[in-house]
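Asks:
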Amino acid sequence: MSEETKVSNEAVADSGAENNVQENAQSELSAEIANSKKYRKRAQDAENRLANVEKQLETQQNAKLKENEEFKTLAEKYEAQVNELNPYKEKYEGLVEQRRSVLLERLPEDKRETFKNKDLDVLEFMVSELKTKTQEPSARNLVGTKNTEFGGYASYGEWAEKDPIGYASQNSTNSAKGIKLGYGGE
Numbered sequence: 007m008s009e010e011t012k013v014s015n016e017a018v019a020d021s022g023a024e025n026n027v028q029e030n031a032q033s034e035l036s037a038e039i040a041n042s043k044k045y046r047k048r049a050q051d052a053e054n055r056l057a058n059v060e061k062q063l064e065t066q067q068n069a070k071l072k073e074n075e076e077f078k079t080l081a082e083k084y085e086a087q088v089n090e091l092n093p094y095k096e097k098y099e100g101l102v103e104q105r106r107s108v109l110l111e112r113l114p115e116d117k118r119e120t121f122k123n124k125d126l127d128v129l130e131f132m133v134s135e136l137k138t139k140t141q142e143p144s145a146r147n148l149v150g151t152k153n154t155e156f157g158g159y160a161s162y163g164e165w166a167e168k169d170p171i172g173y174a175s176q177n178s179t180n181s182a183k184g185i186k187l188g189y190g191g192e
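Quick note: to get this note's numbering, add 6 to the position in the sequence shown (first position is 1).
#1: If you check the beta carbons only, do Leu109 and Leu129 fall under 8 Å apart?
#2: Using only the alpha-carbon positions, how far apart do Asn177 and Pro170 sit?
#3: With H, G and I counted as helix, E and B as strand and the rest as coil, what does DSSP make of Gly158?
#4: How many angstroms separate the CA atom of Asp51 from the CA atom of Lys44?
#5: Return the first residue and the last residue of the alpha helix (DSSP H) that Asp125 is part of.
#6: In the structure shown, what three-state DSSP assignment does Asn74 receive?
#7: Residue range of the alpha helix (DSSP H) that Pro114 falls in?
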């Protein structure tokens with residue numbers, strides 16, 4: 007019996023040692039993570055300070071050029087900046103005009119002239135509002151049209167998907183006598 011107790015005590019001691027090793031490794035890992043976060047924060051702060059100092063330096067240089075009446079140098083500097091940004095401006099204006107024309111095409115012809123000079127967000131709002139108001143024709147409006155068997159649609163599934171109210175009303179009438187003409191719920 008004494009041998010069994012020795013073995014069990016050794017097993018407990020081994021598991022305790024493993025727990026200590028894991029706890030030490032975990033605490034070292036936590037310390038390294040905290041250290042890494044500290045250095046990252048310091049680097050970000052240094053980058054922010056550098057950006058602020060560069061802005062202040064540029065502002066001071068511009069003020070000094072104005073003060074010394076070196077407008078030519080200042081004008082050349084701004085001209086270079088404008089030339090650098092012009093392609094982006096042209097590209098942006100092209101994209102805006104293209105989007106505007108697409109949105110205007112979705113509006114009814116009588117409304118296009120009204121919204122021609124509006125902002126894109128207004129146009130997008132109007133197109134979305136008009137889209138929600140326009141609905142697929144119901145089965146009642148399709149009487150006498152081609153393929154009236156499915157309410158003017160190609161199949162019961164399409165009919166139920168695009169005009170659920172018309173589908174339900176036509177398939178729950180007394181003329182159906184309780185027999186489902188299509189599939190789906192009530």
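By construction, the Cβ of each residue, glycine as well, lies at the ideal position given by its N, Cα and C atoms.
Replies: In terms of the structure at hand:
#1: yes
#2: 10 Å
#3: coil
#4: 11 Å
#5: Here Asp125 belongs to no alpha helix (DSSP H), and DSSP marks it neither H nor E.
#6: coil
#7: Looking at the DSSP string, Pro114 is not in any alpha helix (DSSP H), and its letter there is neither H nor E.
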